[in-house]
Amino acid sequence: MINCAQILAWSAWAPGLADRAAWLAALRTHGADFGLLSNEYAPLNAAEPKAPAVLVPPMLRRRLSPFGRAAAEAAAPLLAAAEDKNLPWVYASRWGDLQLAVDSLESVAAGGTVSPAAFSTSVHNAPPALLSIALGHTGNLTALAGGPFSLEAAFESAVGLLFEAPQVLLICADLKPPVQTNAAGVTHAVGLLLGRQHETADPNQWREVCAKGPCAALTTRPLSASETSDNRLDTLGGPSPALEVLAWLLGSDDRTFTHFDRHAAHIWAKTSRLEAETRHP
């Protein structure tokens, strides 16, 4: 099945990468190793800075963990650019707020109790739910997890919602692995504002369409006998698959990019780069 959409805007947040200019500079520096940002921005056992999340009022912001604040920060510029403030949201994360769950389990193991407030914000859909409350959002909200390839699952879900709405907000976020795991990683959130793909045989109209942003497609097919699944399916931490896709969208001239799941290959395709200014001289 082929899922297609137009990328109208993008946003992302990670420690040390607070705006688009910083992300584009990081892409020029890291190139193909963009998904390994954890090596530079989040050394093991080091505290991460929190996203400001100014979109969320202070009373609710205090309930957001650093993970939730990252998701809110990535969503903010896309919500400002959206035509309908109640457009559907699709939120995806492999692990959700894993640190809160680990903290609660350690508290129980030590003979303590689980804070109701901490538990309520540790459930998978808590970050987008709190953000929707803060903004008075009344539209559709989907929260899902698709393993390391949660961005692919979110894109497929978003394309389905484009049959009902002209635009969809997609946010894919994951937390720096808990320190107990000793796994490398960085808290990050990637956001895309997606619109319906409008096809036309008129070259002038097509240029007008493409001026709004590149079109992206995702095809899923069975894994062939010569292909092997990604080892991140069985590990915690390491290069972020979502950041790999973002790097390909932003800075690669390759028209396709593939992630290998256990039984399927997720093949991305695009009409052009997402940001022309990332081209190398």
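For the sequence shown, this note's numbering gives the first residue as 256, with consecutive numbering after it.
Think of the CB as a built atom: it goes at the ideal place given N, C-alpha and C, for glycine as much as any other residue.
Just to confirm, is the Cβ distance from residue i to residue j under 7 Å?
i, j, result
"A325", "A428", "yes"
"A389", "L315", "yes"
"T513", "A502", "no"
"L504", "L529", "yes"
"S377", "A356", "yes"
"A466", "K525", "no"
"S527", "P469", "yes"
"N341", "G394", "yes"
"L417", "R451", "yes"
"A260", "V500", "no"
"P304", "Q354", "no"
Based on Cα-Cα distance, which residue from the options lies nearest to residue i?
i, options, result
"G350", "F404, N395 and A373", "What sits at residue 350 in the sequence shown is Trp, not Gly. The option with the nearest alpha carbon to W350 is F404."
"V309", "E303, W344 and A327", "A327"
"G492", "E463, H518 and A439", "A439"
"A329", "H453, C465 and A347", "A347"
"P321", "V369, K340 and L430", "L430"
"A337", "R317, P421 and V378", "P421"
"G271", "N258, K340, A302 and G367", "A302"
"S481", "P433, F515 and E419", "F515"
"L449", "D358, V345 and I522", "V345"
"T511", "W523, H518 and R517", "W523"
"H379", "R487, V363, L319 and A364", "L319"
Taking buried to mean at least 16 other C-beta atoms within 10 Å of its own C-beta, is residue i buried or exposed?
i, result
"D485", "buried"
"S412", "buried"
"D509", "exposed"
"A306", "buried"
"F374", "exposed"
"H392", "buried"
"L406", "buried"
"T284", "exposed"
"P298", "Confidence at P298 is low in this model, with a pLDDT of 49, below 50, so its placement is unreliable and the value that follows should be read with caution. Exposed, since its Cβ has fewer than 16 Cβ neighbours within 10 Å."
"R534", "At R534 the pLDDT is 37, less than 50, meaning the model places this residue with poor confidence and gives no usable figure here."
"S293", "A caution first: S293 carries a pLDDT of 49, below 50, which makes its placement in the model unreliable, though a value can still be read off. Under this definition S293 is a buried residue."
"A343", "According to the sequence as given, residue 343 is Pro; it is not Ala. P343 is buried by the Cβ-count criterion."
"E463", "exposed"
"L282", "buried"
"V311", "buried"
"D352", "buried"
"P313", "exposed"
"A381", "buried"
Going by DSSP, what residue range makes up the alpha helix (DSSP H) through residue i?
i, result
"V363", "L353 to A364"
"H285", "R275 to H285"
"P477", "Where P477 is concerned, there is no enclosing alpha helix (DSSP H), although the beta strand (DSSP E) it sits in stretches over C470 to P477."
"L318", "The question names Leu, yet the displayed sequence has Arg at residue 318. It is not in any alpha helix (DSSP H) - R318 carries neither H nor E in the DSSP assignment."
"L498", "P496 to G506"
Give the range of the beta strand (DSSP E) segment to which residue i is assigned.
i, result
"T376", "Taken as a continuous stretch (DSSP letters only), T376 belongs to no beta strand (DSSP E), being part of the alpha helix (DSSP H) at P371 to S377."
"V345", "W344 to A347"
"G415", "Here G415 belongs to no beta strand (DSSP E); instead the alpha helix (DSSP H) covers S405 to L416."
"T513", "T511 to F515"
"Q452", "From DSSP, Q452 is part of no beta strand (DSSP E); its letter is neither H nor E."
"T397", "L396 to L399"
"L425", "Q422 to D429"
"A520", "A519 to K525"
If we cut at 7 Å on Cβ distances, does residue i have a partner in chain D?
i, result
"K431", "In summary, chain D is missing from the structure at hand, where a single protein chain is found."
With a threshold of 6 Å, establish whether the CB of residue i neighbours any heavy atom of the ligand ZN.
i, result
"D485", "Questions concerning the ligand ZN fall outside what the structure shown contains, since it holds no ligand whatsoever."
Assess, as a yes-or-no matter, whether the segment 333 to 350 is touched by the segment 413 to 433 under the definition of 3 or more beta carbon pairs within less than 8 Å.
-> In this structure the segment 413 to 433 touches the segment 333 to 350; the number of beta carbon pairs closer than 8 Å is three or more.
Using 8 Å as the Cβ pair cut-off and three pairs as the minimum, do the segment 456 to 476 and the segment 380 to 397 touch?
-> The segment 456 to 476 makes no contact with the segment 380 to 397, as fewer than three CB pairs between them are under 8 Å.
Is the number of C-beta pairs between the segment 260 to 279 and the segment 440 to 457 that are closer than 8 Å three or more?
-> The segment 260 to 279 vs the segment 440 to 457: in contact.
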